[in-house]
Amino acid sequence: IKDDLIDNVKKDLSSGFIAIGMGSATKGRIYPADDFARIVSWLLDQGERVVFLGHGRNDQEYYASLVKAEPRISYESVNYISKLNLSETLAILARASVFVGAESGLWSASYALDIPSVVIYGGGHWGRFMHQSNRINYIYNKKDCFMCGWRCKYGDIHKEVADCIKNIAPDRIISELRKVL
1 IKDDLIDNVK
11 KDLSSGFIAI
21 GMGSATKGRI
31 YPADDFARIV
41 SWLLDQGERV
51 VFLGHGRNDQ
61 EYYASLVKAE
71 PRISYESVNY
81 ISKLNLSETL
91 AILARASVFV
101 GAESGLWSAS
111 YALDIPSVVI
121 YGGGHWGRFM
131 HQSNRINYIY
141 NKKDCFMCGW
151 RCKYGDIHKE
161 VADCIKNIAP
171 DRIISELRKV
181 L
């Protein structure tokens, strides 16, 4: 890990923490930032350490939206978005006690590392990437249009969040987190 991050990793991540990975190449597949800021705030209120992982402009913009909605996120969590390479990200992810985020590559990595997860799962490729494990808590809003191939009949997912994702209440995610924690 890069020299300037080693001290933070040793200090902040020596034991369990909540890893957050909300990334997606398509903005419409990412849970609304205002709602997720509420979830992160709840985690912080519970005394949980929160670490953001990810890479790229979409992840950076999403994190900025979280901070805009809940400023304390910037100083009460650790942000490694676009600061690590893949192997460094996986080394940090391996130390997490729980993963929370969108159905993504990071979530699949958390599954491979056998980390309990709460995953927000949309309907575009329903079931295609669902790992079978009792350590995974799927949160979804099942609709008749599932398996749409992300051609959402409710709107353009390149401009707005898919209906099957945006209509998941934050309290449902918090409820699943309570079970995992």
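When you line the sequence shown up against the working numbering, it's residues 1 to 181, in that order.
Glycine included, every Cβ here is placed at the ideal spot set by N, Cα and C.
Quantities reported herein were computed from a predicted structural model and do not represent experimental measurements.
Which value, in whole angstroms, describes the spacing of the CA atoms of residue i and residue j?
i    : j    : result
D144 : A162 : 14 Å
N167 : Q46  : 25 Å
R57  : P116 : 27 Å
H158 : K142 : 21 Å
R178 : S108 : 22 Å
D35  : S74  : 16 Å
R151 : E103 : 17 Å
E160 : L86  : 28 Å
K68  : K27  : 17 Å
N134 : R172 : 18 Å
F146 : K153 : 10 Å
G155 : D114 : 35 Å
Considering only their Cβ atoms, is the gap separating residue j from residue i smaller than 7 Å?
i    : j    : result
R29  : G122 : yes
I120 : I139 : yes
G101 : I20  : yes
R72  : P170 : no
Q31  : I174 : The sequence given here has Tyr at residue 31, not Gln. Result no, Cβ atoms of Y31 and I174 do not sit closer than 7 Å.
L66  : A91  : no
T89  : L53  : yes
E70  : S24  : no
Candidates the options: which alpha carbon is nearest residue i's?
i    : options                 : result
S82  : I174, A94 and V51       : V51
V180 : C152, H158 and A96      : A96
G16  : N79, V98, I157 and Y80  : V98
M22  : S41, W42, Q60 and L44   : Q60
H55  : Y75, L84, E160 and D156 : L84
Q132 : G149, R151 and A112     : A112
Would you please state the rounded distance, in angstroms, between the beta carbons of residue i and residue j? I believe it to be under 8 Å.
i    : j   : result
S110 : L93 : 6 Å
V189 : E48 : With the chain represented from 1 up to 181, any question about residue 189 goes unanswered, as that position is not in the structure.
N79  : Y63 : 6 Å
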